[in-house]
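> Below are the structure tokens for one structure; questions will follow.
In my numbering, the protein residues as written are 1 to 465.
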């Protein structure tokens, strides 16, 4: 029998006896008895709860004592499973989660260092940078992910968990779709659940605690959304690598050189029709054309300044266009008609200012929508428009095959468009990059791209037919 208020220290588990004595493990071999004053009844319940949930500050393995992170393996596994949900941690995160649950030892430090250095080197060789949106985010993901392979105490797990909240917003720099928002909500729920478990919340009620915590933060989020000043555009909307660009006009295009096209929502022009607006399928605005292809890049040589064309049929639309011309280029509804004295038709059915003026102005224009366009080209002009560099043999064979099955030019165009519709082509703003023979790669390998991929491929096929 022990006296009331005594403490027993031996290799057992911590707790508080019904008489107010405290039992604590300091050593598995030493046994000591110390007399303590009897605690006040008001603190008995608080002290019992504190000692029950107080985590070990140094050990994280299942063998680190009853108060160690063995009690919090569920939280750590939730965190690592979230990391495993990202493609970059696909196997590593889930493997570490299994190791924590089973109580496996940490991998050697040299192996962890090697596992960090090799991906960082590969990242540098791929992007040629470790800063900016792409390089910086990728580097952060690698470092935080592999930090889990050297984490040994509860404090480090909490730091890793806090970094998880920061990294959860990184996908929004690349995609703001509903699917990305759903992933963000699930991520915040999982991280908050893991934080509740690490704080000592019983596993049965930890999920409810996580949901309530997120709901309590929702009003603050709404207040900040309304009150915080916003920039005209997101900081990441500007291209930060040579493989990224934003929508707009350029003096050339190189299909396959851009792996991510960022949409811009700046207003370009406004238009008011004198009569009811034409149907949506007729709202094709022609701004510029490219006539020369060197095997990779389309550009404009301006070899033919103005084409001689005649129109047949179609409905004429009269409208007022307000815009700020860029390099004298005016957007016009296809096919533009000669109109005001300060504009003129140029190559490819485009409209140009006679006197360049970048001020905001209103133009009164007319266009024949749906008209048949007949261009009167000389033999020299026809030879110019059919020039092609060497390469892309598969595309040449496809053009010839379509031509043999088509009785005339119009039927060939319909057959080419039908090929794009039936052969699994997909429109995307994040296409894979293309190398040599880019037309062949697009038509027969990737089959993914945006407007310049399809325009370039169809023009190449038409010239090769």
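Virtual Cβ for every residue (Gly too), placed ideally from N, Cα, C. Being a predicted model, the structure only gives us computed values, none of them experimental.
Locate the alpha helix (DSSP H) running through residue 466, then write down its first and last residues.
Given a span of 1 to 465 for the chain in the structure shown, any question on residue 466 remains unanswerable.
> Looking at C-alpha atoms only, which residue of 118, 125, 154 is the closest neighbour of residue 143?
118
> Ignore the nearest five residues each way along the sequence and tell me which others in residue 184's own chain have a CB closer than 8 Å to its CB.
Hits under 8 Å: 168, 169, 171, 172.
> Between residue 433 and residue 448, how many whole angstroms is the CB-CB distance? I'm expecting something under 8 Å.
That belief does not hold up - the Cβ atoms of residue 433 and residue 448 are roughly 11 Å apart, past 8 Å.
> Taking the CB atoms as reference points, tell me whether residue 368 and residue 311 lie closer together than 7 Å.
Yes; because the gap between Cβ atoms is below 7 Å, this pair is in contact.
> On the DSSP bridge assignment, give the partners of residue 326 in chain order.
Per DSSP, 329.
> So residue 296 packs on residue 254, CB below 8 Å; how close in whole Å?
6 Å
> Would you list, in sequence order, the uninterrupted alpha helix (DSSP H) runs of no fewer than 4 residues that lie entirely inside the region 367 to 391?
The DSSP assignment places 379 to 385 as complete runs of the alpha helix (DSSP H) inside the region 367 to 391, in order along the chain (cut-off: 4 residues).
> Quick one: what's residue 200 bridged to in DSSP?
Bridge partners of residue 200: none, in fact.
> Restricting to Cα atoms, I'd like to know which of 201, 400, 443, 430 is closest to residue 421.
443
> On the premise that residue 343 lies in contact with residue 288, defined as a C-beta separation below 8 Å, what is that separation, rounded to the nearest angstrom?
About 15 Å separates the two Cβ atoms, so there is no contact after all.
> For the putative contact between residue 385 and residue 321, defined by C-beta atoms under 8 Å, what is the C-beta separation to the nearest angstrom?
About 29 Å; that fails the 8 Å criterion.
> Got a sec? Which residues, its chain only, sit under 8 Å from residue 402 by beta carbon, not counting five neighbours each side?
412, 415, 416, 419, 461, 465
> Is the beta carbon of residue 160 less than 7 Å from the beta carbon of residue 194?
no
> Who are the Cβ neighbours of residue 214 in its own chain at under 7 Å, not counting the five residues just before and after it?
188, 189, 192
> On a CA-only basis, which of 106, 271, 445 is nearest residue 324? Give me that one, please.
271
> Where do the ends of the alpha helix (DSSP H) carrying residue 159 lie?
154 to 167
> Go through its chain and collect everything with a Cβ distance to residue 467's Cβ below 6 Å, but skip five positions before and after it.
For the chain, the structure presents residues 1 to 465; residue 467 sits outside this window and is missing.
> In terms of DSSP beta bridges, what is residue 311 paired with?
373
> Note down, in chain order, each residue of its chain lying with its Cβ closer than 7 Å to the Cβ of residue 282, except the 5 sequence neighbours on either side.
Taken in chain order, the residues that qualify are 369, 370.
> Closer than 8 Å by C-beta to residue 120: which residues in its own chain qualify, once you throw out the five before and the five after it? Chain order, please.
130, 139, 142
> By the 10 Å Cβ neighbour count, where 16 or more other Cβ atoms means buried, how is residue 3 classified, buried or exposed?
Reliability of the predicted coordinates at residue 3 is poor, the pLDDT of 41 falling under 50, and the value obtained from them is presented with this limitation in mind. Classification for residue 3: exposed.
> Give the secondary structure of residue 70 by DSSP, where H, G and I count as helix, E and B as strand, and everything else as coil.
Only weak support exists for where residue 70 lies, its pLDDT of 40 falling under 50; the coordinates are left without a value.
> If we call anything under 7 Å between Cβ atoms a contact, is residue 269 one with residue 331?
yes
> Quick one: grab the DSSP three-state call for residue 225.
When DSSP states are grouped into helix, strand and coil, residue 225 belongs to the helix group.
> So what does DSSP say about residue 440, is it helix, strand or coil?
helix
> Report the option in 267, 252, 180 whose CA atom is closest to the CA atom of residue 453.
252
> By how many angstroms is the C-alpha of residue 459 removed from the C-alpha of residue 292?
11 Å
> Can you tell me the Cα-Cα spacing of residue 319 and residue 394, whole angstroms?
44 Å
> In the DSSP output, what is residue 151 paired with across the bridge?
Answer is none; residue 151 lacks a bridge partner.
> Quick test of your reading: residue 198 and residue 158, contact by CB under 8 Å. State the CB separation rounded to the nearest angstrom.
Correct: roughly 6 Å between the Cβ atoms.
> Could you please give the first and the last residue of the uninterrupted beta strand (DSSP E) stretch that includes residue 105?
Element bounds for residue 105: n/a, residue is neither H nor E.
> Let me check understanding here. Comparing Cα to Cα, which of 360, 441, 151, 182 lies closest to residue 108?
151
> How far does the beta strand (DSSP E) with residue 353 in it reach, from first residue to last?
350 to 353
> For residue 389, I'd like the list of residues in its chain whose CB is within less than 8 Å of its CB, leaving aside the five on either flank, ordered along the chain.
293, 294, 295
> Can you name the residues that DSSP bridges to residue 336?
367
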